[in-house]
Structure formats: structure tokens, C-alpha cells
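Asks:
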Amino acid sequence: MKHYVWIAAAVLLAACSPQDGAAPQAASAASAPAAAVSQPLADGAHPSRDVLDWAGTYRGKLPCGSCEAIETELVLQQDGGYRLVETYLEREPVRTEVSGRFEWLDDGSRIRLDEAGDQRYYLVGENRIWGMDAEGNRLEGEMADLYSLQKAEAP
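Residue numbers (mature numbering (1 follows the signal peptide of the UniProt record, and there is no 0)): -22 to -1, 1 to 133.
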């Protein structure tokens, strides 16, 4: 009888343990959605504009050469409107506020503010946007990540 108990325990243990091929399949299945999002979508769909929940309020403190920092809030609206509030943190803070329209660039991942917003470019990501240079190229170098704003709330 004891012999049968050990056989039954061994069968149960073997049935409950993962098979050698199970872990790689689970890992590849988990990475498949990320790969699909990072690739351009078919039929003219664009990753940021069409897939991400990009509308909302973005906030952060950006580097400033002549002050402590620039406290920045950018509100992107679903209808293509925006509001940009910047507070230069000095002894006496200086606050500016502009609003206007933004447009999506052809790649569907970048936006450009209108003239009221100095035609600034931003790269739109999941819950984050990154400032870009005057030609719409991603900033590079050690401090590039400091020029980003985090999404604070949905509209």
C-alpha cells in the first residue's frame, strides 16, 4: 500500500510542476503585446495618437539655466486644444500661460504646438511626454530625460 502512495505522490508532483517548454511560451506571449505596440500599425494607424490614452494633464519641473527650475503644466485636449502654464522658480516666481491648438505630425507619435506655444515639439508616450529640439528630434545626452512631463490626470 505504501508503494502506491509514493507512486501517486510522484504522479501528482509531476503533474503540478511546469513543463520545460511552458516558461518560454509564457514569456514570449507576455512580450508579444509590447512588440506589437512598438511597431507601426497597419492601415495608417499610429501608436501614440490612435492607441494611447494621451489626452490629459502633464506636469513636471524642467531644467532652467537662469533659475531653479521651470514648473510646467501642459494640458492636451482630445479636440486638439492645449493649455501651457510655466512658472519660472526664482525669488519672485514668473508665471506664463498660453493656450492654442496642437497638431499631430505624420508619424503619429509627435505633436507640435502652434505659434502661441512657440511651435514646441513633444514626443507622446504612455503617461509621459518628452520635450524635443526645435526641429522635432528627440533630445540626447545625460539630461535628455529631465525634459519630460508625467501625466497627472485624465480629462
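Note that beta-carbon positions come from the ideal geometry of N, C-alpha and C, so glycine has one too.
What alpha helix (DSSP H) runs, 4 residues minimum, are completely inside the segment 74 to 121?
Replies: DSSP runs (the alpha helix (DSSP H)) wholly in the segment 74 to 121: none.
Asks: Where does residue 124 sit, in a helix, a strand or coil, going by DSSP?
Replies: The sequence position of residue 124 within the sequence shown is 146, counting from 1. In this structure, residue 124 counts as helix in the three-state DSSP scheme.
Asks: Just to confirm, are residue 103 and residue 125 a CB contact at a threshold of 7 Å?
Replies: Residue numbering aside, residue 103 sits at position 125 when the sequence shown is read from its first letter. Residue numbering aside, residue 125 sits at position 147 when the sequence shown is read from its first letter. Not in contact: residue 103 and residue 125 (Cβ atoms no closer than 7 Å).
Asks: How far does the beta strand (DSSP E) with residue 51 in it extend, from its first residue to its last?
Replies: On the sequence shown, position 73 is the one that residue 51 refers to. Note, residue 51: beta strand (DSSP E), 48 to 54.
Asks: Does the segment 111 to 130 come close enough to the segment 37 to 45 to have 3 or more Cβ pairs within less than 8 Å?
Replies: Verdict: yes, contact present.
Asks: Answer yes if the segment 45 to 52 comes into contact with the segment 64 to 73, meaning at least three C-beta pairs across the two stretches below 8 Å, and no otherwise.
Replies: The segment 64 to 73, when compared against the segment 45 to 52, does touch it at the 8 Å Cβ threshold.
Asks: If we ignore side chains and look at the alpha-carbon of each, how far apart do residue 120 and residue 111 end up?
Replies: Translated into positions along the sequence shown, residue 120 becomes position 142. Translated into positions along the sequence shown, residue 111 becomes position 133. Going by the C-alpha atoms only, they are around 15 Å apart.
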